[in-house]
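Sequence lines, in order, name chains A and B. When you line the first sequence up against my numbering, it's residues 362 to 587, in that order. When you line the second sequence up against my numbering, it's residues 663 to 878, in that order. We treat Cβ as the ideally placed atom computed from N, Cα and C, and that holds for glycine.
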Amino acid sequence: MSALQKALKKGMTSCLSCHQLVILPANGGHCRCPRCGASVHGRIDGSLMLTWALTITGALLLLPANILPIMSAIYLGAGEPSTIISGVMQLYNSGMWGIALIVFVASIAVPVMKLLGLILLLVQIQLRLHFVPTQAMKIYRVVSGIGRWSLLDLFMISILAALVDMGFIAQVAAGPGSTAFASVVVITMLAARSFDPRLIWDAHDGDLYATAVEPETAHRSAAENG
Amino acid sequence: MDQLRNKKPIPWQRACHECDLLLTGGLAPPGQKLVCPRCRCTLHRNGNHSVYYTIALSLTGLLLFIPSASLPLLRFSLFSFGADNTLLNGVYSLYKAGFIWLASLVLFCSVLAPLGKFLLLLFICCGSAWKFLDRAVAFTVRWYQHIKEWGMLDVYMLGILVALIKLRDLGKMDVEPGLYCFGAMMLVANLSSLSFDQNAIWQRMALRRALREAAL
Ligand SMILES: [Zn+2]
Ligand SMILES: [Zn+2]
Numbered sequence: 362m363s364a365l366q367k368a369l370k371k372g373m374t375s376c377l378s379c380h381q382l383v384i385l386p387a388n389g390g391h392c393r394c395p396r397c398g399a400s401v402h403g404r405i406d407g408s409l410m411l412t413w414a415l416t417i418t419g420a421l422l423l424l425p426a427n428i429l430p431i432m433s434a435i436y437l438g439a440g441e442p443s444t445i446i447s448g449v450m451q452l453y454n455s456g457m458w459g460i461a462l463i464v465f466v467a468s469i470a471v472p473v474m475k476l477l478g479l480i481l482l483l484v485q486i487q488l489r490l491h492f493v494p495t496q497a498m499k500i501y502r503v504v505s506g507i508g509r510w511s512l513l514d515l516f517m518i519s520i521l522a523a524l525v526d527m528g529f530i531a532q533v534a535a536g537p538g539s540t541a542f543a544s545v546v547v548i549t550m551l552a553a554r555s556f557d558p559r560l561i562w563d564a565h566d567g568d569l570y571a572t573a574v575e576p577e578t579a580h581r582s583a584a585e586n587g
Numbered sequence: 663m664d665q666l667r668n669k670k671p672i673p674w675q676r677a678c679h680e681c682d683l684l685l686t687g688g689l690a691p692p693g694q695k696l697v698c699p700r701c702r703c704t705l706h707r708n709g710n711h712s713v714y715y716t717i718a719l720s721l722t723g724l725l726l727f728i729p730s731a732s733l734p735l736l737r738f739s740l741f742s743f744g745a746d747n748t749l750l751n752g753v754y755s756l757y758k759a760g761f762i763w764l765a766s767l768v769l770f771c772s773v774l775a776p777l778g779k780f781l782l783l784l785f786i787c788c789g790s791a792w793k794f795l796d797r798a799v800a801f802t803v804r805w806y807q808h809i810k811e812w813g814m815l816d817v818y819m820l821g822i823l824v825a826l827i828k829l830r831d832l833g834k835m836d837v838e839p840g841l842y843c844f845g846a847m848m849l850v851a852n853l854s855s856l857s858f859d860q861n862a863i864w865q866r867m868a869l870r871r872a873l874r875e876a877a878l
């Protein structure tokens with residue numbers, strides 16, 4: 362294990378913006394990156410609390426996003442507002458199951474999986490459950506990578522609203538659920554950003570609340586352990 | 663780096679930004695990438711001629727942005743009625759219907775962030791050649807990191823394709839020339855964020871500083 366050294370134990374950390382190795386001030390505070398000027402913390406400040414808050418907000422907003430109609434399509438005087446789920450069902454029933462699958466994945470599976478993934482990561486870290494860090498990192502990467510695809514449905518509504526605008530013959534308009542859904546997407550993206558993956562490794566190594574240790578002490582404790 | 667070397671026996675060059683592992687190798691050799699041995703995240707991808715490729719690609723992207731944003735992308739006609747979709751009129755119809763938050767999100771992710779990415783990349787790559795722009799370039803690199811993930815041209819493209827198939831049965835859908843420009847712009851946007859390597863910029867700035875000091 363002696364080859365694997367943590368930067369925070371040596372009083373250093375990586376600047377999250379430009380990836381420069383920065384020496385943190387000895388009192389455990391934060392400083393500015395000498396290269397790009399970004400604020401550098403040992404770990405993202407209040408990462409777990411912020412991620413919890415955003416995840417819970419996102420989960421709560423997911424209810425109105427799914428219950429309220431996301432758009433309404435009127436064709437030849439007929440038509441009614443549709444929610445996300447009824448929109449997917451409509452597509453499936455009219456035989457476009459490929460499109461139905463894409464919309465289902467983007468608007469239902471991705472937000473739910475994202476929130477579940479974040480909750481799983483947070484619970485694993487806070488309860489110090491036994492977990493494999495490489496698997497947790499896989500969850501983190503999926504969670505932070507897929508979020509943007511949820512905006513698909515909203516982009517589609519904006520395209521349809523411009524294309525199908527013929528008064529009483531055919532008209533597509535956004536519904537109140539779309540505002541809630543837009544907030545869900547933005548909030549879950551911010552939640553994934555505020556989560557600091559280095560906490561996974563801290564929890565794995567058993568020093569979750571590790572603060573910056575001065576190099577001398579770090580050397581001594583390493584010598585004691587070794 | 664010098665004071666770091668004097669203080670400690672091992673010359674650490676980099677800490678993995680995803681698992682905090684200290685590494686002695688800082689940069690990848692040309693044409694290769696550096697992967698963290700513990701968490702397998704890509705630390706640095708060293709493409710060839712990153713700066714010049716990024717300048718060329720972001721200029722192309724800016725040129726393609728003009729027709730993509732002004733020409734119609736799709737045309738839908740039903741009986742004798744017809745309507746076009748451009749990048750902006752979808753946003754406008756949402757705004758008109760009172761969905762201001764949704765309209766601004768769509769505007770930001772499909773127009774402003776991609777345009778901003780091209781402009782910032784161009785400024786970063788060209789501006790890193792002058793001393794008086796050092797602070798501005800460092801600031802811009804930071805901002806680029808913030809807006810990077812909000813440019814969603816590829817998601818918008820998928821939205822167009824889904825809309826195209828969805829409306830095909832209802833009326834007549836036509837693909838307009840703007841869509842080809844948009845597709846090309848999407849491709850160029852992805853290539854430019856792939857070819858951009860901020861380490862090349864920092865190295866370029868450090869080299870220029872070293873040359874200046876040597877000349878004095
Ligand atoms: Zn930095
Ligand atoms: Zn790593």
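Counterpart residues of residue i in DSSP-defined beta bridges
i: G744 of chain B; result: B:S739
i: V383 of chain A; result: A:T374
i: A439 of chain A; result: A:Y436
i: M835 of chain B; result: B:F738
i: R396 of chain A; result: Partner(s): none; R396 of chain A has no beta bridge.
i: H706 of chain B; result: B:L696
i: P532 of chain A; result: Note on identity: in this sequence residue 532 of chain A is Gln, with Pro being the wrong assignment. Partner(s): A:I435, A:D526.
i: R676 of chain B; result: B:L685
Among the options, nearest to residue i - alpha-carbon criterion
i: F556 of chain A; options: A:R396, A:I405, A:G438, A:S455; result: A:I405
i: P537 of chain A; options: A:S443, A:G528, A:P472, A:M474; result: A:S443
i: H391 of chain A; options: A:L369, A:A522, A:G506, A:M410; result: A:L369
i: R702 of chain B; options: A:K499, A:G506, A:G528, A:A531; result: A:K499
i: A825 of chain B; options: A:G478, A:V464, A:S544; result: A:V464
i: F738 of chain B; options: B:L767, B:G778, B:I672, B:D831; result: B:D831
i: S447 of chain A; options: A:L437, A:G438, A:A426; result: A:A426
i: L411 of chain A; options: A:K367, A:L385, A:M550, A:V449; result: A:M550
i: I445 of chain A; options: A:I431, A:H565, A:M517, A:N454; result: A:I431
i: F741 of chain B; options: B:A798, B:L784, B:M835, B:L873; result: B:M835
i: F516 of chain A; options: B:V768, B:H808, B:K779, B:R804; result: B:V768
i: M880 of chain B; options: B:L689, B:L781, B:S772, B:N708; result: Lying outside 663 to 878, the shown extent of chain B, residue 880 of chain B is not represented and no answer is given.
i: L783 of chain B; options: B:G693, B:I809, B:F761; result: B:I809
i: I530 of chain A; options: B:R676, B:F743, B:N708; result: B:F743
Same chain, Cβ closer than 7 Å to residue i, neighbours up to 5 away in sequence not counted
i: A467 of chain A; result: W510, S511, L513, D514
i: Q532 of chain A; result: I435, V525, D526
i: A884 of chain B; result: Past the boundaries of the shown model lies residue 884 of chain B; chain B is included only from 663 to 878, so the question cannot be answered.
i: P558 of chain A; result: M498, Y501
i: A800 of chain B; result: none
i: I480 of chain A; result: T416
Sequence-distant residues of the same chain with beta carbon closer than 8 Å to residue i, five excluded per side
i: M847 of chain B; result: G723, L726, F727, S730, P776, L815
i: R581 of chain A; result: Note on R581 of chain A: pLDDT 41, under 50, position unreliable in the model; no value is reported.
i: A584 of chain A; result: At A584 of chain A, the pLDDT of 40 sits below 50, so the modelled position is not reliable and the matter cannot be decided from this model.
i: L841 of chain B; result: L735, L736, I822
i: L490 of chain A; result: V484
i: R393 of chain A; result: A399, S400, V401
Proximity test, Cβ basis, 8 Å: residue i and chain B
i: P558 of chain A; result: yes
i: S555 of chain A; result: no
i: M517 of chain A; result: yes
i: Q378 of chain A; result: Inspection of the sequence shows that residue 378 of chain A is occupied by Ser rather than by Gln. Yes, its Cβ sits closer than 8 Å to a Cβ of chain B.
i: M527 of chain A; result: yes
i: L521 of chain A; result: yes
i: T412 of chain A; result: no
i: T540 of chain A; result: yes
i: Q366 of chain A; result: yes
i: G407 of chain A; result: no
i: V547 of chain A; result: yes
i: L483 of chain A; result: no
8 Å Cβ cutoff, residue i in contact with chain A
i: K828 of chain B; result: yes
i: T798 of chain B; result: Note on identity: in this sequence residue 798 of chain B is Ala, with Thr being the wrong assignment. With 8 Å as the cut-off, A798 of chain B does not count as an interface residue toward chain A.
i: E680 of chain B; result: yes
i: C787 of chain B; result: no
i: E811 of chain B; result: yes
i: A825 of chain B; result: yes
i: S790 of chain B; result: no
i: N708 of chain B; result: no
i: G752 of chain B; result: yes
i: R804 of chain B; result: yes
6 Å CB neighbourhood of residue i in its chain, flanking five on each side removed
i: R866 of chain B; result: S790
i: F492 of chain A; result: Q485
i: R676 of chain B; result: L685, G688
Presumed contact (8 Å Cβ cut-off) between residue i and residue j, rounded CB distance
i: V697 of chain B; j: T704 of chain B; result: 6 Å
i: D646 of chain B; j: S720 of chain B; result: Examination of residue 646 of chain B is not possible in this model, given that chain B is present from 663 through 878 alone.
i: T350 of chain A; j: A552 of chain A; result: This structure gives no information on residue 350 of chain A, because the portion of chain A shown stretches from 362 to 587.
i: K911 of chain B; j: M457 of chain A; result: With chain B covering 663 to 878 only, the question about residue 911 of chain B has no answer from this structure.
i: L764 of chain B; j: L756 of chain B; result: 6 Å
i: G508 of chain A; j: V546 of chain A; result: 7 Å
| query | Between the region 415 to 446 of chain A and chain C, which residues of the former have a C-beta closer than 9 Å to a C-beta of the latter? | reply | Structure shown: chain C not included; protein chains present are A and B.
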